[in-house]
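To convert, count from 1 in the sequence shown and add 249; that's our numbering.
Quick reminder that beta carbons are idealized off the backbone N, C-alpha and C, glycines included.
A quick note: this is a predicted structure, and the numbers were derived from the prediction, not measured.
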Amino acid sequence: MARFISPMKLLILSSQLLVLGFFIYLICPNLYSHSDINDDIADINVDDYILVSDGYYKNSETFSFSEDHILSGEQNGLENVLIDDIKGKICPLVPSTLVGYRKPDTTQPKSLEEVENNLTQLFDSNQTADGSWLWQPLQCTPRLMVAILVPLRNRSGHLLTFLRHIHPFLQRQQIGYRIFVIEQSDKGKFNRAKLLNVGFVEAMDASLPTRKFDCVVFHDVDHLPEDDRNLYVCPETQALQLAVAVDIDNYNLTYANFFGAVSAMSVGNFERVNGFSNMYWGWGGEDDDMSERLKSAGLRIARSPAAVGRYTTLAHDAQTKSLARCEMLDGVLRRMDFDGLNGLHYKRLALTETRLMTHILVDIVSPN
């Protein structure tokens, strides 16, 4: 026989849920920053940044999208810049090598050797031979040198899939880049933000004297970009949220001030906010902490258009959440001056260089 819940019990249950939700809001309001998304989108400065192959931001709501063609320099007001760049062999703002949307292959390669063998021809036919591990295109001088920072633990299979996908993606954008994988050695709670700080320090140390990194991209290993017109670059006056439309969120923005999964900042702006907090052990909170740091520094978060800022995610087990993240968020500005790059301690256990990546194993629980 079917059983029904009485109207009175439903009313009581609904009241309890409302009280619980209000209580959570009181102790952690940052999790409910779901204001109108347009209120939080920064205008892209077009003097700094041309976003995608077939359009660019004049402001957060004017992005022209067409899969049929790429706007010429004359059409978007950049004809003089593009002509000068071609003559000077600077890589174009919008490379002709972009292909647009491609469904990511989420299958897992058998080994790192398989990935490297599959990409050998791609590297051999495109990389400049300057004696470093930094990839640069042969055809032109890249506008930016980008450090891709990937925090990792217990995701070796995801890393193989990620490396196979991301290298062709980045090379079609004709940027100079190097992938830094920063792996946490211990079995304690994961600290994504601290690993990213470690990656930043290591990447700056690895910069070439003649061409240092201009830009850092913070990239979760389980997020695969779908469209190479989502350029991995850094506006000079803003931070950039690259992962705007993700499959597990039905290709909707997670929430208005979201700055996680895949995002980018210039080296100068990252140093300006003292990097990430080192205190978020467990999943969540560090991205909202960074949003507050950016706001306090007068830096707004710009976003890739949802039409190109699309990502496919790789399946994984649920992560242990940071139980103290709500309390931590309340003290962001009090800690910002000492909790970050200038308070970072870690021990590098191993460093391995291959064409695919710089892999760094670190102890972040027992600082040196």
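When Met539, Val611, Leu398 are compared against Ala488, the one with the closest alpha-carbon: As a working note, residue 488 is residue 239 in the sequence shown. Minimum Cα distance to Ala488 is reached at Met539.
Hey, quick one: how far does the beta strand (DSSP E) through Phe439 stretch, first residue to last? Along the sequence shown, read from residue 1 onward, the residue named residue 439 stands at position 190. Where Phe439 is concerned, there is no enclosing beta strand (DSSP E), given that its DSSP letter is neither H nor E.
If you drop the 5 nearest sequence neighbours on each side, which residues of the same chain put their C-beta closer than 6 Å to that of Phe272? Position 23 of the sequence shown, counted from the start, is the residue given in the question as residue 272. The predicted position of Phe272 is uncertain, since its pLDDT is 44 and thus under 50; a value taken from the coordinates is nonetheless stated next. Cβ within range, chain order: n/a, list empty.
Going straight from the alpha carbon of Lys307 to that of Ala505, what length do you get? Locating residue 307 in the sequence shown gives position 58, where the first residue counts as 1. Locating residue 505 in the sequence shown gives position 256, where the first residue counts as 1. Residue confidence is low: Lys307 scores 31 on pLDDT, short of 50, so the model does not pin down where it sits. Its coordinate-derived value is still stated next. Each residue's alpha carbon lies about 20 Å from the other.
Report the three-state DSSP secondary structure of Glu432 (helix, strand or coil). Indexing the sequence shown from 1 puts residue 432 at position 183. In the three-state reduction of the DSSP assignment, Glu432 falls in the strand class, which pools E and B.
Endpoints, beta strand (DSSP E) assigned at Leu401: Here the question's residue 401 lines up with position 152 in the sequence shown. Element bounds for Leu401: 394–401.
Just to confirm my understanding: we take Tyr350, look at its own chain, exclude 5 residues before and 5 after, and list those with CB closer than 7 Å. What are they? For the purposes of this step, residue 350 is taken as the residue at position 101 of the sequence shown. The residues are Glu475, Asp476.
Run through the DSSP bridge pairs and tell me what Ser515 is partnered with. Translated into positions along the sequence shown, residue 515 becomes position 266. Ser515 is bridged to Cys464.
Check whether the region 491–504 and the region 555–564 touch, using three or more Cβ-Cβ pairs below 8 Å as the test. Counting C-beta pairs with one atom in each stretch, the region 491–504 and the region 555–564 have three or more that are closer than 8 Å, which means they touch.
Taking only the alpha-carbon atoms, compute the straight-line gap between Pro391 and Asp537 and give it to the nearest angstrom. Mapped onto the sequence shown, residue 391 falls at position 142. Mapped onto the sequence shown, residue 537 falls at position 288. Our two residues, Pro391 and Asp537, have alpha carbons roughly 32 Å apart in a direct line.
Whole angstroms are fine: how far does the CA of Lys338 sit from the CA of Asp285? As a working mapping, residue 285 is identified with position 36 in the sequence shown. As a working mapping, residue 338 is identified with position 89 in the sequence shown. With a pLDDT of only 33 at Asp285, under the threshold of 50, the placement of this residue in the model should not be trusted; the figure read from the coordinates follows. Using only the alpha carbons, I get a separation of about 43 Å.
Own chain residues within Cβ distance below 6 Å of Val330, not counting five before or after: Stepping through the sequence shown from its first residue, residue 330 is reached at position 81. Confidence at Val330 is low in this model, with a pLDDT of 31, below 50, so the placement of that residue should be treated as unreliable; the coordinate-derived value is given next. Counting only Cβ-Cβ distances below 6 Å, and skipping sequence neighbours, we find nothing.
Are the CB atoms of Val511 and Arg421 nearer to each other than 8 Å? One-based indexing of the sequence shown puts residue 511 at position 262. One-based indexing of the sequence shown puts residue 421 at position 172. No.
Would you call the region 445–453 and the region 582–599 in contact, with 3 or more CB pairs under 8 Å? yes
Going by DSSP in three states, Ala652 sits in which element: helix, strand or coil? Nothing about residue 652 can be read from this structure; the chain reaches only from 250 to 617.
Could you check if Phe587 is buried or exposed, using at least 16 other CB atoms within 10 Å of its CB as the buried criterion? To locate residue 587, count along the sequence shown from 1; it is residue 338. Classification of Phe587: exposed, given that the 10 Å Cβ count is below 16.
Between the Cα of Val522 and the Cα atoms of Asp469, Arg584, Trp530, which residue gives the shortest distance? If you number the sequence shown from 1, residue 522 lands on position 273. Scanning Asp469, Arg584, Trp530 for the CA closest to the CA of Val522 turns up Arg584.
Coarse secondary structure for Lys596, derived from DSSP in three states: What you label residue 596 is simply residue 347 of the sequence shown in a count that begins at 1. Strand at Lys596.
Run of the beta strand (DSSP E) containing Gln490, from where it starts to where it stops: Along the sequence shown, one-based indexing puts residue 490 at 241. Taken as a continuous stretch (DSSP letters only), the beta strand (DSSP E) holding Gln490 covers 487–490.
Using beta-carbon positions only, say whether Gly509 and Phe439 come within less than 8 Å of one another. As a working note, residue 509 is residue 260 in the sequence shown. As a working note, residue 439 is residue 190 in the sequence shown. Going by C-beta atoms, Gly509 is not nearer than 8 Å to Phe439.
Pull up the CB-CB distance for Glu365 and Leu610, whole angstroms please, since I reckon it's below 8 Å. Along the sequence shown, read from residue 1 onward, the residue named residue 365 stands at position 116. Along the sequence shown, read from residue 1 onward, the residue named residue 610 stands at position 361. Contact flag wrong, Cβ pair sits at about 19 Å.
Which residues in the same chain have their Cβ closer than 6 Å to the Cβ of Val430, if we skip the five residues on either side of it in sequence? Residue numbering aside, residue 430 sits at position 181 when the sequence shown is read from its first letter. For Val430, where only same-chain residues beyond five positions count, the Cβ hits under 6 Å are Val399, Leu401, Met606, His608.
Going along the chain, which residues of its own chain have a beta-carbon closer than 7 Å to the beta-carbon of Ile497, five neighbours each way excluded? Stepping through the sequence shown from its first residue, residue 497 is reached at position 248. Counting only Cβ-Cβ distances below 7 Å, and skipping sequence neighbours, we find Thr562.
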